[in-house]
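Per this note's numbering, the very first residue in the sequence shown carries number 263; after that it's consecutive. Backbone N, C-alpha and C fix where the C-beta goes; we use that ideal spot for every residue, glycine too. Presented below is the structure to which this report refers.
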Amino acid sequence: MVKAMSEKFEERSFPEEPEKFYPTQHLKVYQTSDAGQLLICECRHCLTPLSIDVVFLTPQNSKPKPKNKPDTQQDDVMKCPNCGRVPIFLEGCAVQSIDQLPSSPWK
Numbered sequence: 263m264v265k266a267m268s269e270k271f272e273e274r275s276f277p278e279e280p281e282k283f284y285p286t287q288h289l290k291v292y293q294t295s296d297a298g299q300l301l302i303c304e305c306r307h308c309l310t311p312l313s314i315d316v317v318f319l320t321p322q323n324s325k326p327k328p329k330n331k332p333d334t335q336q337d338d339v340m341k342c343p344n345c346g347r348v349p350i351f352l353e354g355c356a357v358q359s360i361d362q363l364p365s366s367p368w369k
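Here it is, written out as structure tokens:
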């Protein structure tokens, strides 16, 4: 015996989850050299304007990481000078320097 669709599944029994919103973050990217980029952003915690010099990792300028070894180098360098927390999450790049800017370009 086949049950009708309305008997099998009622939408009211499975309420829809509310949509999750994540805070947005300002970001400007400038090319400084063939491999280097300058990121202008605000810290996601304290909104301090920052200038971050990064090099995007490619097979030519990086060596493979062991699979089970965590990457701790980025955590050491990647701290906001104002609040000491990670200002932005970046993948596939190496942070060369991070500096605080005198004023935000978005204010």
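| query | result |
| --- | --- |
| How is Cys345 classed by DSSP in three states: helix, strand or coil? | coil |
| Mind checking whether Asp315 and Gln287 have CB atoms under 8 Å apart? | no |
| Count the other CB atoms within 10 Å of the CB of Leu289; is the residue buried (16 or more) or exposed (fewer)? | exposed |
| Ordered along the chain, which non-local residues of its own chain (more than five positions away) have a Cβ less than 6 Å from that of His307? | Cys345, Arg347 |
| What did DSSP end up calling Thr320 once you bin it into helix, strand or coil? | coil |
| Could you give the first and the last residue of the continuous beta strand (DSSP E) run that contains Glu279? | Careful: Glu279 lies outside any beta strand (DSSP E) and carries neither H nor E. |
| Tell me the DSSP secondary structure of Glu353 in three-state form. | coil |
| Determine the burial state of Thr334: buried for a count of at least 16 other Cβ atoms within 10 Å of its Cβ, exposed for fewer. | Bear in mind that a pLDDT of 49 at Thr334, under 50, signals an unreliable position, so the number given afterwards is only what the model happens to contain. Thr334 is exposed by the Cβ-count criterion. |
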